[in-house]
Structures are given as structure tokens and as C-alpha cells.
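Asker: Sharing a structure here in C-alpha cells format.
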Amino acid sequence: MTRAAIYARFSSDLQSDHSVDDQIALCRTYADRHGWHVAAVFADRAASGSSVHGRPDYARMLGLAFEGGFEIVLAEDMDRFSRNLGDIARLHERMGFLGLKLWTVADGEISDMHVGLKGTMSAMFLKNLAAKTRRGMAGVVRSGRHAGGRAYGYHAVPGEPGRLEIVPDEAIIVRRIFTLYLEGHSPRQIASILNQQGVPPPRGNYWAASTINGNRQRGHGIILNPLYAGEIVWNRVRMVKDPDTGRRISRVNAEADWQRAEAPHLAIIDKATFDAANNRKASRGGERPHLHRKARHLLSGLLRCGCCGAGMSVKDRTTGGIRIMCTRAKEADACSNRRPYPLGRIERAVVGGLREQLADDKAIRWYVSVYNDERQRLAAATIRSRSDCERTLSRIDSDLQRMTDLAIRGVISEADAVQRLPAMRAERERAAADLAATDEPPNIVALHSGTVADYRRKLSRLEQAIAEGDGTLEAESKSALRDMIETVTVHPPQAGTGDIEISVAGHLASLTNPAAKHQGGNGGSGRGT
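Count the sequence shown with UniProt numbering and you get residues 1 to 529, in order.
Laid out in C-alpha cells, this is it:
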């Protein structure tokens, strides 16, 4: 008897689990009529049809297909598999390679013609809806309303999507920022002033130079935002979906595609002030540090302040060498740790300390044992956290897909969809960031003695090069050390001592099997000399 696997999916919160149950019941009746045995049932609930990513039962179905668990995959209609033409084509090709067939209750056996015609129609629906949504958002901008997210100095008018009102207290801060900038203060100095006076920032805990300076291409930053001069600029960026991951990524549009609309009721400063500030910014060629970065030093990107946890960056170069300091203290004047630290002393302490720790085989093996015990204890909590994030992301994807479904069927108007989409997309980006920041469940690791010996040799060469003041450190040895280190935290000296206290958190994976790479860490501490 022919074995069939049933696949069901729904994407809208307006639907319920009954939708999946109805699909499965319909497919079972169809299979019985054809004399097939239902060998497996797969169902993804509240899962977007625009991508196959993030659908656990779809992945399980593919896995069983490779194991030969059935001969036919049956669904209610082809769009239950996916509305993405590429996904449908790959599924059809994969099933054909395995000698399996796709069937739907709506069309029977799926052929190349079905894939081409119905897959194209589904893709066209999605693209047309996206185009209509953008057209609707363009209309929002033309009417003097705002189609983007919240900007500092404004709040949304309840019950009137796209309508903004000026927040008086925040408007005072905006005007002050422009005044300070035109008086010659740098963004870093302005951020320091605002932090010292306890002015709440747009987001996070501190004002930073980047909040004021921004990015010219994307129009981010207070100095660059024309909204403050009463002009709405929309369509600076577009969102594209990565076909390999299903994640949405922003891309900068050509300036010719930007849409501008006058909104004098939203002006916080006059146009002359805005133009003067931007002319000053344009004349300051040194405000593009990404074009002038020096080569990285040994611990670049790894250093952390022991007071606030922020990164540490170069303060200056003296006859004694490079000195570093807390970046938050330097950029925002928001940390009390303003002391400069000699980078060379820190590098010597870190390399020497690691070399000494690697000399003790017994201690390393004991650590691996204790570390694995702790990883097993934390694994359950990690899995729960990832599951929560994945459920949240799936729910938001279903919300977005619902807009597509309802707009295509005419249940809601384009205007309604346009009004809701920006906030939903912003929520999805936050949820995706939360998931990306959640660790994968840890694996058990095994110590490689040969790797430990290799690292010892490289660290010895590195220590010698630093001691001799050799600026051209061996690339392989530098890489070896950076593979072992996650962070190097520099603590201010205790009262009565001049020693620099250093804590090192490192990747255990560099000493273990490749499959465990970047899965864990070990640590140590020491003092600079």
C-alpha cells in the first residue's frame, strides 16, 4: 500500500488549530479514497507561508522523506507548503530526487506546470501586495503623516496612525543639541553634557556620540534628521529577506528613490539652523573614522571596563606606548573610570597568564569536567529560553502573514495594512534580535592535548615578541590568542596599590573538538606588572 505523509499549516491568528485539523481531515479522506496509508502527519501552526524557515514540522517532514518513510506528500493546496516560488521549486526538485511525489487535494499530483504557474501566482500576490503597501505608505507621506518608527522629540497621536505630535520637553533637548553643535561642540562633548545632566536618551541608558552624529546614508542621528526642520523623508532603506535564513535585512536605497514631503507642523528648528549644522558636519572630513582605522592591536575588541562593562579604546600614544581608557567615559562621559591604562602591560599580563594556566594539564582536565557539569545544568534553561523566543517570532510572522492573507482576500483595506505594518516589522526585528542573542544549547566538549601544546608554543612566541617590542606580531600567534579569549576586563587599582587587575574570560572551544567551537568559555585573572 502506498504510504502518504500529510502536511498542514496555517499562518493567521484569525485561524485556529481547527484549521489544521480541518486540513488533516480533508487530506485523510482524500488518501482513503485513493487507497493510501497515512504514515505520518506534520503540522506547523501560526507559521508564515512566505518562507520555510522556522517551521519545525516541515523540517521533520524533509528528514523522514530522506529516510524513506513515505512515497507521497499530501497537502490541501500547494500554498500550504509555501507561497515562495523558490521554496516550492526546491521542494518539488528534492522530492523528485528522492523518488517521491507531491499531491494536493486541490490539484492532484503536482507537476512542473503546477510549480511554475501556481508558484508564480503566489509569488506575484506577495509582490503585488508589497508594492501596494509601499504605494499606500507613500500616500501616507504625501499627506504629511509619518510612515516610519518613532523619532526622538515626537509621539504618535492615539487613534490616528501616522500622525505625530511634538513632545515639548524633548523638543527643548533637540534645539539645545543643534545649538551646542553650531557653537562648536562635538557630538561626543554634547553626549557628555546630556549624560552629566541626567537627560533621558532616546533609547538605552546613555547618550552616545553616534546618537547625535548618526549615519548619513540612512538618515539616522539627530543632526541628520530632516524631520526636525519640518521635512519627512521616506524610503531611505528597504527590507529584503535572506533566502538562506529567512531573516529580513535592510538595504540603503538610491537617493533618487527617496520620497520627501513638507511637514511644517513637525518642525522643531528652522531650516537655516538645520542646514548650518549639516554644512558643518559635511565640512568635517575627519568624522568618517571607518575610512581611517588603524590596524588592530592584539586585544582590539576584547577589552572591557571593570567599572561599567563598556569597551575600551585607544586614548593616546605616548613615549611609553599606547594607552587605553573606557570608551563610555571617553565618548559619553558616563563612567567614573577615566584613568588611562598602558596597553603593553595588559598584553604582557594576559599572554603570560594564559601561558602559565596552559602549563597545568591536571587543572585543565579538572576544569573541563566541572565545566561540562555546569553546561548540562544550564542546558534545560537555554532550551526553554530559545523556545520562548522562537514562539514569539513565529507569532509575529503569523501576524505579518495575516496581513498578506487578509489584504489579498479583501477582508481588510490596503490602508489598514499600511498603517499596521511598520510597527509589526519593528517588533519582528526586535524578536529576531532576541533570538539571535540567545545561545544554542551547549554540547559536551573533549580536551585535545595536541592543541594545548600547540597553543603553548604560539603563546611563548607571542610573549617574546611583546617583550622585545616587535610591532609585527606573528599573525598565527595573534589569532591563536584571540581564539582563546572572549573578553579582557581591566579593573581600576585598589586603594593603596598601583597594580592593574585583569580578568580574562576565554573560549574553551579553542582547546577542544571543532564541533564545540565557540560554545563555551573559561576564565582567569591576574595583575599587570
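Where is the CB? At the ideal position from N, CA and C, for every residue including glycine.
(1) Would you call the CB atoms of A267 and A329 closer than 8 Å?
(2) If you run the structure through DSSP and keep just helix, strand and coil, what is V73?
(3) DSSP three-state label for D333, please.
(4) Is F42 helix, strand or coil when you go by DSSP?
(5) So what does D434 bridge to, in DSSP terms?
(6) Given 8 Å as the limit, is there contact between the region 155-174 and the region 267-277, that is, 3 or more CB pairs closer than that?
(7) Who are H34's beta bridge partners in DSSP?
(8) Given a threshold of 16 other Cβ atoms within 10 Å of its Cβ, counted over all protein chains shown, does Q196 qualify as buried or as exposed?
(9) Can you tell me whether Q23 is buried or exposed, with buried defined as 16 or more other CB within 10 angstroms of its CB?
(10) Contact defined as beta carbons within less than 8 Å: I believe Y30 pairs with L74. What is the distance between those atoms, to the nearest angstrom?
(11) Please list, in chain order, all residues of the same chain as C335 whose beta carbon is under 8 Å from its beta carbon, the five residues on each side excluded.
(12) Is the beta carbon of I193 less than 8 Å from the beta carbon of T211?
(13) For the putative contact between L302 and I485, defined by C-beta atoms under 8 Å, what is the C-beta separation to the nearest angstrom?
(14) Who pairs with V314 in a beta bridge, going by DSSP?
(15) Given a cut-off of 8 Å on the beta-carbon distance, is the pair E93 and A8 in contact?
(16) Report the three-state DSSP secondary structure of Y206 (helix, strand or coil).
(17) Looking only at its own chain, which residues have a Cβ that is under 7 Å from the Cβ of D434, when we skip the five neighbours before and after it?
(18) Out of G35, E427, P202, A5, which one is the CA nearest neighbour of residue 533?
(19) Could you tell me which residues DSSP puts in a beta bridge with P492?
(20) Starting from H220, follow the beta strand (DSSP E) in both directions and report where the run begins and ends.
(21) Opposite T179 in the DSSP bridges: which residues?
(22) Can you tell me which of the three DSSP states C27 falls into?
(23) Could you check whether A89 and G69 sit closer than 8 Å to each other, using their CB atoms as the reference points?
(24) What separation, rounded to the nearest whole angstrom, lies between the Cα atoms of L343 and R323?
(25) Starting from V233, follow its DSSP beta bridges and name the residues at the other end.
(26) Whose C-beta lies closer than 6 Å to the C-beta of R428 among residues of the same chain, with five residues either side of it excluded?
(27) If you compare alpha carbons, which of N213, D333, A332, D316 is closest to Y341?
(28) Under 8 Å by Cβ, that's how I've got L182 and A276 pegged, so tell me the actual separation to the nearest angstrom.
(29) Rounded to whole angstroms, what is the Cα-Cα separation between N213 and R338?
(30) Who are the near neighbours of M78 in its chain, counting only those whose CB is closer than 6 Å to its CB and skipping five residues on each side?
(31) To the nearest angstrom, report how far apart D257 and T404 are at their CA atoms.
(32) Compare the C-alpha of P226 against each of R203, I190, G321, N278 and name the closest.
(33) Classify G61 as buried or exposed, calling it buried when 16 or more other Cβ atoms lie within 10 Å of its own Cβ.
(34) With a threshold of 16 other CB atoms inside 10 Å of the CB of R251, please say whether the residue is buried or exposed.
Answerer: By the coordinates alone:
(1) Locating residue 267 in the sequence shown gives position 267, counting from the first residue. Locating residue 329 in the sequence shown gives position 329, counting from the first residue. The Cβ atoms of A267 and A329 do not sit closer than 8 Å to each other.
(2) Mapped onto the sequence shown, residue 73 falls at position 73. Here V73 sits in strand by DSSP.
(3) For the purposes of this step, residue 333 is identified with residue 333 of the sequence shown, where counting begins at 1. Three-state DSSP puts D333 in coil, outside helix and strand.
(4) Numbered from 1 along the sequence shown, position 42 holds the residue referred to as residue 42. It is a strand residue.
(5) Mapped onto the sequence shown, residue 434 falls at position 434. Residue pairing by DSSP places D434 in no beta bridge whatsoever.
(6) Yes: the two stretches touch, three or more of their Cβ pairs being nearer than 8 Å.
(7) Position 34 of the sequence shown, counted from the first residue, corresponds to residue 34. Beta-bridge pairing links H34 to no other residue.
(8) Position 196 of the sequence shown, counted from the start, is the residue given in the question as residue 196. Exposed is the call here.
(9) Here residue 23 refers to the residue found at position 23 of the sequence shown. Within a 10 Å sphere around the beta-carbon of Q23 sit 16 or more other beta-carbons, which makes this residue buried.
(10) By one-based count along the sequence shown, residue 30 stands at place 30. By one-based count along the sequence shown, residue 74 stands at place 74. Confirmed, about 7 Å.
(11) Translated into positions along the sequence shown, residue 335 becomes position 335. Excluding sequence neighbours, C335 sits near C305, C307, C308, A310, C326, R328, A329.
(12) On the sequence shown, position 193 is the one that residue 193 refers to. On the sequence shown, position 211 is the one that residue 211 refers to. No.
(13) Locating residue 302 in the sequence shown gives position 302, where the first residue counts as 1. Locating residue 485 in the sequence shown gives position 485, where the first residue counts as 1. The beta-carbon distance between L302 and I485, rounded to whole angstroms, is 5 Å. This is short enough to meet the 8 Å contact definition.
(14) Reading the sequence shown from its first residue, position 314 is the one you call residue 314. I324.
(15) Translated into positions along the sequence shown, residue 93 becomes position 93. Translated into positions along the sequence shown, residue 8 becomes position 8. Between E93 and A8, the C-beta spacing is not below 8 Å.
(16) Here the question's residue 206 lines up with position 206 in the sequence shown. Secondary structure at Y206: coil, using DSSP grouped into helix, strand and coil.
(17) Stepping through the sequence shown from its first residue, residue 434 is reached at position 434. Closer than 7 Å at the Cβ level, and outside the excluded window around D434, lie C389.
(18) The chain is shown only over 1 to 529; residue 533 falls outside these bounds and no answer can be derived.
(19) For the purposes of this step, residue 492 is identified with residue 492 of the sequence shown, where counting begins at 1. Under DSSP, no beta-bridge partner is assigned to P492.
(20) Looking up residue 220 in the sequence shown gives position 220. Per DSSP, H220 belongs to no beta strand (DSSP E) and is neither H nor E.
(21) Counted from its first residue, the sequence shown places residue 179 at position 179. Per DSSP, none; premise fails for T179.
(22) As a first step, residue 27 must be located in the sequence shown, where it is residue number 27. Note: C27 maps to helix in three-state DSSP.
(23) Numbered from its first residue, the sequence shown carries residue 69 at position 69. Numbered from its first residue, the sequence shown carries residue 89 at position 89. No, these two residues do not count as a Cβ contact at 8 Å.
(24) Along the sequence shown, one-based indexing puts residue 343 at 343. Along the sequence shown, one-based indexing puts residue 323 at 323. Just so you know, the alpha carbons of L343 and R323 end up roughly 5 Å apart.
(25) One-based indexing of the sequence shown puts residue 233 at position 233. According to DSSP, which records beta bridges pairwise, V233 is partnered with R260.
(26) Here residue 428 refers to the residue found at position 428 of the sequence shown. Counting only Cβ-Cβ distances below 6 Å, and skipping sequence neighbours, we find I396.
(27) For the purposes of this step, residue 341 is identified with residue 341 of the sequence shown, where counting begins at 1. Nearest to Y341 by C-alpha distance, out of N213, D333, A332, D316, is D316.
(28) Stepping through the sequence shown from its first residue, residue 182 is reached at position 182. Stepping through the sequence shown from its first residue, residue 276 is reached at position 276. Rounded to the nearest angstrom, the Cβ distance from L182 to A276 is 6 Å, consistent with a contact under 8 Å.
(29) For the purposes of this step, residue 213 is taken as the residue at position 213 of the sequence shown. For the purposes of this step, residue 338 is taken as the residue at position 338 of the sequence shown. Between N213 and R338, the C-alpha separation is close to 23 Å.
(30) Working through the sequence shown from its first residue, we reach residue 78 at position 78. Cβ neighbours of M78 within its own chain (closer than 6 Å, five residues either side excluded): T104, K118.
(31) Reading the sequence shown from its first residue, position 257 is the one you call residue 257. Reading the sequence shown from its first residue, position 404 is the one you call residue 404. If you draw a straight line from the Cα of D257 to the Cα of T404, it is about 25 Å long.
(32) Position 226 of the sequence shown holds residue 226. Of the listed residues, the one whose Cα sits closest to P226 is N278.
(33) In the sequence shown, the residue the question calls residue 61 occupies position 61. Note that residue 61 is Met in the sequence shown, not Gly. If you draw a 10 Å sphere on the C-beta of M61, you find 16 or more other C-beta atoms in it, and that means buried.
(34) Walking along the sequence shown from the start, residue 251 turns up at place 251. Result: exposed.
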